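*Asks:* Pasting in a structure now, in structure tokens, and then I'll have a few things to ask.
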Amino acid sequence: MDIVKGKGETRKRLEACWKKLGADMSAYMQTFCGNHCVKLLEPRAVEQYLAVLQQSVDIPHVKGFLVAFGQFQKLCVARSLTGDEKEQMENAIDTIWTSLRRYAGKETVTPKMHVLLEHVTEFVNRYGTLGKMSEQGIESLHKHVNLLKVRYRSTHQNEKKWRLIFKALLHRNHISDVS
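Listed below in structure tokens is the structure:
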């Protein structure tokens, strides 16, 4: 699949389209930053870059997914949502779910997608917001766990390795709390 690997004529046309839309991949990481992703989730942008792909019965469902995901993303704001916004978010999540089932119904979803599809609506209805909370804390913890995994990579017993990682995290937390 050359397009996914970043090769081939279609990939070149896609990258040119993305660049025209103001979303240029990082030369080092070959990924988009958050602001570029926001641009690529605009309905007009989705229409333009999906037109580059060979049309199939799945494209309308992919479009539905991307546009709904963009609508959802716009509602992740650091304030309480109005009743209308909560309803818009729920509708966007329903469209994401429906579109996914139609074009990738046999695939499994990632844990983050599961949380979005199954738990976000309940959370938003209970607390009135999603954007006031953030996954930055989890991402920070993930970074530290990855560094500790490198530190303890020579520990071959998995249970012992994870115990050491957990202890290191506890010590780090304690130091942070008392300093």
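As numbered in the working numbering, residues 81 to 259 make up the sequence shown, in order.
Glycine included, every Cβ here is placed at the ideal spot set by N, Cα and C.
Keep in mind it's a predicted model, so treat the numbers as computed, not measured.
Secondary structure at C97, three-state DSSP: helix, strand or coil?
*Replies:* On the sequence shown, position 17 is the one that residue 97 refers to. DSSP places C97 in the helix class (H, G or I) of the three-state scheme.
*Asks:* Where does H236 fall in DSSP's three states?
*Replies:* By one-based count along the sequence shown, residue 236 stands at place 156. Coil at H236, not helix or strand.
*Asks:* Roughly how many angstroms lie between the CA atoms of V157 and G211, to the nearest whole one?
*Replies:* Position 77 of the sequence shown, counted from the first residue, corresponds to residue 157. Position 131 of the sequence shown, counted from the first residue, corresponds to residue 211. G211 has its alpha-carbon roughly 4 Å from the corresponding atom of V157.
*Asks:* Just tell me which of E187, E170, G185 and T175 has its CA closest to the CA of H199.
*Replies:* Taking the first residue of the sequence shown as 1, we reach residue 199 at position 119. Minimum Cα distance to H199 is reached at E170.
*Asks:* Can you grab the Cα-Cα spacing for the pair P191 / T201, in whole Å?
*Replies:* To locate residue 191, count along the sequence shown from 1; it is residue 111. To locate residue 201, count along the sequence shown from 1; it is residue 121. Rounded to whole angstroms, P191 to T201 spans 16 Å at the Cα level.
*Asks:* Candidates G150, R231 and E167: which alpha carbon is nearest K119's?
*Replies:* Indexing the sequence shown from 1 puts residue 119 at position 39. Looking at the Cα atoms, G150 is the closest of the given residues.
*Asks:* Out of F112, N238, F246 and T235, which one is the CA nearest neighbour of H224?
*Replies:* In the sequence shown, residue 224 corresponds to position 144, counting from 1. Of the candidates F112, N238, F246 and T235, the one whose C-alpha sits nearest the C-alpha of H224 is F246.
*Asks:* Could you give the residue range of the alpha helix (DSSP H) that holds V200?
*Replies:* For the purposes of this step, residue 200 is taken as the residue at position 120 of the sequence shown. Start and end: V200 to Y207.
*Asks:* So which of L197, Y207 and K87 has the shortest CA-CA distance to L180?
*Replies:* The sequence position of residue 180 within the sequence shown is 100, counting from 1. Minimum Cα distance to L180 is reached at L197.
*Asks:* Looking at the unbroken alpha helix (DSSP H) that takes in A125, where does it start and where does it end?
*Replies:* Along the sequence shown, one-based indexing puts residue 125 at 45. Per DSSP, A125 belongs to the alpha helix (DSSP H) from P123 to L130.
*Asks:* Could you have a look at S136 and say whether DSSP puts it in helix, strand or coil?
*Replies:* As a first step, residue 136 must be located in the sequence shown, where it is residue number 56. Coil.
*Asks:* Going by C-alpha to C-alpha distance, which of V189, D174, R91 and T209 sits closest to A131?
*Replies:* The residue labelled residue 131 in the question sits at position 51 within the sequence shown. Cα-wise, what sits closest to A131 is R91.
*Asks:* Starting from T175 and walking both ways along the alpha helix (DSSP H), at which residues does that stretch end?
*Replies:* If you number the sequence shown from 1, residue 175 lands on position 95. Unbroken alpha helix (DSSP H) run through T175: G163 to A184.
*Asks:* Would you give the residue range spanned by the alpha helix (DSSP H) that L120 belongs to?
*Replies:* Position 40 of the sequence shown, counted from the first residue, corresponds to residue 120. That run of the alpha helix (DSSP H) goes G114 to L120.
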